[in-house]
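Sequences listed follow chains A and B, in order.
Here the first sequence is numbered in our numbering, starting from 255 and rising by one per residue.
Here the second sequence is numbered in our numbering, starting from 334 and rising by one per residue.
All C-beta atoms, glycine included, are put in the ideal place defined by N, C-alpha and C.
Keep in mind the model is a prediction, meaning the values are calculated, not measured.
Just below is one structure, and these are the notes that go with it.
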Amino acid sequence: MDIEAAKLIGAGLATIGVAGAGVGIGTVFGHYVSAGIRNPAAAPKMFGNVLLGFALVEAQALYALVLAFLILFG
Amino acid sequence: MAEAHSPLEQFEVHRLVDMHVGGADVSFTNASAMMVLVVILVTVFLTLSMRGRAMVPGRWQSIAELAYGLVANALRDNVGADGRRYFPFVFTLFMFILLANLLGLIPFSFTVTSHIVVTFALAAVVFLGVTVIAVARHGLKFFTYFVPPGVPIFLAPLMVPIEIFSYFVRPVSLAVRLAANMIAGHTMIAVFASFVIALGFLGFAPLVFIVALYGLEVLVAFLQAYVFAVLTCLYLNDALHLHH
C-alpha cells in the first residue's frame with residue numbers, strides 16, 4: 255500500500271478517539287446541570303471543578319488529535 | 334492564484350537575529366521575542382495596576398486582584414496552609430501561560446505555548462520541582478505514594494506499576510494538553526480563514542464562525558492557564574501530603 259494512503263487511513267482512524275471526549279464532556283456538564291437543579295445554592299461553588307473536569311476530558315481528545323497529526327505529518 | 338499556505342505555517346519559528354555560540358544556535362527568534370514580550374507585559378501590568386494600592390480597587394487593580402485571588406484560592410483549596418510558600422511559583426506560571434496564550438490570538442503573532450518544547454519545559458519544571466519537594470519532605474517514605482491506600486495486598490503488584498506509570502505520564506499530559514489545545518484552536522482558525530478566501534462573496538459565513546471560534550479560543554486560553562495552575566496545585570498537594 256502507498257505510504258501516503260496508509261498515513262491518511264491511520265490519521266482517520268486515530269481521530270475516532272475524539273468520540274470519547276464527546277461522551278466525557280456531556281457527562282461532566284450533564285451531571286453539573288442535574289445537580290445544579292437539585293441544589294442551586296451549591297452550583298456556583300462547584301463550577302471551578304466543572305471547568306477542571308472539562309479541560310481534563312478535552313485533553314484526552316487532543317491526545318488522539320495530536321497522534322493523528324503525528325501520523326499524518328510525521 | 335496565490336500559492337497555497339498550509340494552516341501549520343503559523344507555528345514556524347523564524348530567526349530574527351542570528352547568533353551562534355560555539356557550535357550552538359542561540360539565535361533570537363520570533364518565539365524568543367514573544368516570550369520577552371510576555372514577561373515585560375506581565376511585569377508592567379502587575380506593577381502599574383497595583384501602584385495605587387487603593388482599598389477600593391479601580392479597574393486595572395481589580396483585574397490584578399482577580400488573578401491573584403484565583404491562584405491563591407486554588408492553592409488554599411487544594412494544598413492548604415502549606416501551599417502559601419509556593420504561591421509566587423504558581424502565580425508566575427499562571428500569568429505567563431495566560432498571557433502567552435492570549436498574545437498568540439493576535440493575528441500574525443506567534444503562540445509560544447503551542448510548541449511542545451516550551452510547554453514541556455514548564456511541565457518538566459513542575460514535575461521535577463514537585464518530586465524534589467516530596468523526596469525532601471518525606472525521604473524514602475515517598476515511595477509509599479505508589480501504593481494507594483486501601484488496596485488488598487494481592488492487587489498491589491498490578492497497582493504499583495500502573496501508579497508509577499501514571500506518575501511519570503504527568504509532565505507529558507501537562508505539556509501535551511496545553512500545546513495541543515493551542516495548536517488545535519489556531520489551526521482551526523487558519524483553516525476556516527482559508528475557507529473565507531476560497532468562497533469569495535459567501536465567505537461571510539465562515540467569517541461569522543471564526544468570530545465565534547475566537548471567543549472560544551479566548552475561553553480556552555484562560556481555561557488552559559487555570560487548569561495548568563490547578564493541576565500544579567494538585568500535584569503539590571500530593572507531594573506535600575502524600576495520600577492523606
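- The three-state secondary structure of A:Leu-310, taken from DSSP, is helix.
- Across the set B:Phe-561, B:Ser-382, B:Gly-391, B:Ala-523, the C-alpha of B:Phe-561 shows the shortest separation from the C-alpha of B:Leu-426.
- Contact of A:Ala-297 with chain B by beta-carbon distance below 9 Å is absent, the smallest such distance being about 17 Å.
- Within the region 493-517 of chain B, the residues whose Cβ lies closer than 7 Å to some Cβ of chain A are Ser-506, Val-509, Arg-510, Ala-513, Asn-514, Ala-517, listed in chain order.
- For the options B:Val-563, B:Val-450, B:Ala-508, B:Gly-416, the alpha carbon positioned closest to that of B:His-574 is the one of B:Gly-416.
- Exclusion of the five residues before and after B:Pro-481 leaves Met-492, Glu-496, His-576 as the residues of its chain whose Cβ lies within less than 8 Å of its Cβ.
- Contact annotation for A:Val-272 against chain B: no contact, minimum CB-CB distance about 10 Å [criterion: below 8 Å].
- Apart from the 5 residues on each side of it in sequence, A:Val-304 sits with its Cβ closer than 8 Å to the Cβ of Val-282, Phe-283, Tyr-286 in its chain, given in chain order.
- In the DSSP annotation of this structure, the continuous segment of the beta strand (DSSP E) that includes B:Val-350 starts and ends at 348-350.
- Within a 10 Å sphere around the beta-carbon of B:Leu-431 sit 16 or more other beta-carbons, which makes this residue buried.
- Nearest CB-CB separation between A:Val-320 and chain B: below the 8 Å threshold.
- Under the three-pair Cβ rule at 8 Å, the region 502-514 of chain B counts as touching the region 452-470 of chain B.
- Check the Cα spacing between B:Ile-522 and each of B:Ile-439, B:Gly-462, B:Gln-394: the tightest is with B:Ile-439.
- A straight-line Cα-Cα distance of about 39 Å links B:Ala-400 and B:Ile-530.
- Within chain A, Leu-305, Ala-309 have C-beta atoms less than 7 Å from the C-beta of B:Leu-556, given in sequence order.
- By the neighbour-count criterion, in which 16 or more other beta carbons inside 10 Å mark a residue as buried, B:Asn-406 falls on the exposed side.
- Along the length of the region 443-517 of chain B, whole alpha helix (DSSP H) runs at least 4 residues long occupy 449-471, reported in chain order.
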